[in-house]
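Visitor: Before I ask anything, let me first share the structure, which is written out below as structure tokens.
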DNA sequence: AATACGGGGTC
DNA sequence: GACCCAGTATT
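In my numbering, the protein residues as written are 215 to 644.
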């Protein structure tokens, strides 16, 4: 049996004796099998949970579908953020089968603003898997659950334990924080190895028949009591045997390597107002199907080099204008509309938005001269311009003139949602 | 093992 | 600002 944790522990121990270092945390925890602190932990945690658990929408039924949807939504996302999304999503897609059969656009639209949109696409793909392979019922075997798109070690464990009461570990950020403090584990929780070590501890902690409550209790403790910055040790149900607290280390745990800062990117967007038969509409495009914000709609924009303070954007505005020219458009002079900041996990955008008004009469004239029809779609030149913008392959980019009402149909990332809502809001004023 | 992938709340 | 959140997929 190749147990990486134990193997590592033993190996360390042989040299440790010479160096005089302590055994690893994993060995120590393993050794306290008979210790009161494990049984105490599980017992007190469950007593506390039974008394203090929150009334959350997905806790009102033990429907594996509800549990699953909530767990996907809760990935890297706070409970308070998820609740309204969960209600809307379940109302729109009440069953796995209805989710599987819906247009993908609808699923992503329901996810709009929640972020990590591959979660939505994977969720639907997995629903289709379940319909095809399991007759529309969430499977209860580990291998089948784990095989679902978008379901990793945490979510598989969460579904199996919470929905089916199987004694499987479900180790998320909360659980790692709680365990690292209670057992004084100083391993870096950013490393997958540490999560695996935690997963090995859990089965030995789950009281018979209480897997569902136990795993939820562990996360609930992390969310309500054993919080990241300043844990509420004084009201913690397991404070008595918490080694982190006893050693005064609770604020130093868990150990976690810092994330890199997002790289700054300057971008220049255009909010082009339609005229003539496109009066009241705005030009938008769809992002490529892969990569950042895959398949979502946005205002056209390009990478800009100049610093945010730079006044002279002549060159870059020129590039933006080329993009529109390639669409066969003409417009009034561009003027600054607003600047928006938006931070992703790995990129920080400073998006300067210019506005201009389409001039179809000029266009019509140009079209007559050049022989290009009035309703120009997307010529190859535009695709190339986008390619140069590294937005993707460019070839598949779609364009649309949208009215305010169209925003109910298609999904935008929050950055553009904010800009467009502001724009349409102002348009109604005047 | 490292990086891509959103968005927002909190101290 | 920095950190973190009921993480997963891809490289």
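All C-beta atoms in this analysis are idealised placements derived from N, C-alpha and C, irrespective of residue type, glycine included.
Keep in mind the model is a prediction, meaning the values are calculated, not measured.
With DSSP run on the structure shown, which of helix, strand or coil describes residue 277?
Guide: Residue state, collapsed to three classes: coil.
Visitor: Check residue 354 in the structure and name its three-state DSSP category.
Guide: The answer is coil: DSSP assigns residue 354 none of H, G, I, E or B.
Visitor: Less than 8 Å between the beta carbons of residue 651 and residue 390, yes or no?
Guide: Since the first residue shown for the chain is 215 and the last is 644, residue 651 is missing from the structure and cannot be characterised.
Visitor: Residue 624 to residue 436, Cα distance in whole Å?
Guide: Roughly 37 Å between the two C-alpha positions.
Visitor: Residue 257: which of 611, 304, 452 sits nearest, CA to CA?
Guide: It is 452 whose Cα lies nearest to the Cα of residue 257.
Visitor: Counting Cβ pairs closer than 8 Å, one from the region 478-487 and one from the region 558-571, do we hit at least three?
Guide: Judged by Cβ distances under 8 Å, the region 478-487 makes contact with the region 558-571, as three or more pairs qualify.
Visitor: Could you check how far apart the C-beta atoms of residue 377 and residue 278 are, in whole angstroms? I think they sit under 8 Å.
Guide: That belief holds up - the Cβ atoms of residue 377 and residue 278 are roughly 4 Å apart, short of 8 Å.
Visitor: Starting from residue 552, follow its DSSP beta bridges and name the residues at the other end.
Guide: Partner(s): 567.
Visitor: If you draw a straight line from the alpha carbon of residue 381 to that of residue 353, how long is it in whole angstroms?
Guide: Each residue's Cα considered, the two are about 16 Å apart.
Visitor: Would you kindly work out how many angstroms separate the C-alpha atoms of residue 364 and residue 393, rounded to a whole number?
Guide: Approximately 25 Å, taken between the alpha carbons.
Visitor: Restricting to Cα atoms, I'd like to know which of 561, 295, 493 is closest to residue 517.
Guide: Comparing Cα positions, the closest option is 561.
Visitor: Please state the DSSP three-state secondary structure of residue 241.
Guide: Residue 241: helix per DSSP, three-state reduction.
Visitor: For the region 357-371 against the region 291-310, are there 3 or more C-beta pairs whose distance is under 8 Å?
Guide: Touching, no.
Visitor: Could you say if the region 337-345 and the region 306-324 meet the contact criterion of at least three C-beta pairs nearer than 8 Å?
Guide: These segments touch.
Visitor: What does a CB cutoff of less than 6 Å around residue 400 pick up in its chain, not counting 5 residues either side in sequence?
Guide: Correct list, in chain order: 469.
Visitor: Report buried or exposed for residue 432, applying the criterion of at least 16 other Cβ atoms within 10 angstroms of its Cβ.
Guide: Buried, since its Cβ has 16 or more Cβ neighbours within 10 Å.
Visitor: Could you check the C-alpha separation between residue 505 and residue 326 for me, to the nearest Å?
Guide: Taking the straight line from one Cα to the other gives about 16 Å.
Visitor: Can at least three beta-carbon pairs, one atom from the region 553-560 and one from the region 470-480, be found at a separation below 8 Å?
Guide: Because the criterion of three Cβ pairs below 8 Å is met, the region 553-560 and the region 470-480 touch.
Visitor: Which partner residues of residue 516 appear in the DSSP bridge assignment?
Guide: According to DSSP, residue 516 bridges with 482.
Visitor: Based on Cα-Cα distance, which residue from 551, 542, 644 lies nearest to residue 613?
Guide: With distances taken between Cα atoms, residue 613 lies closest to 542.
Visitor: Can you pull the DSSP bridge partners for residue 487?
Guide: Paired residue(s): 496, 571.
Visitor: Are at least three pairs of beta-carbons, each pair with one atom in the region 506-513 and one in the region 330-338, less than 8 Å apart?
Guide: As far as the Cβ criterion goes, the region 506-513 touches the region 330-338, which means the pair count is three or higher.
Visitor: Could you tell me the alpha carbon to alpha carbon distance between residue 424 and residue 409, rounded to whole angstroms?
Guide: Roughly 22 Å separates the two Cα atoms.
Visitor: Among 492, 455, 463, 335, which residue has its Cα nearest to the Cα of residue 445?
Guide: Comparing Cα positions, the closest option is 463.
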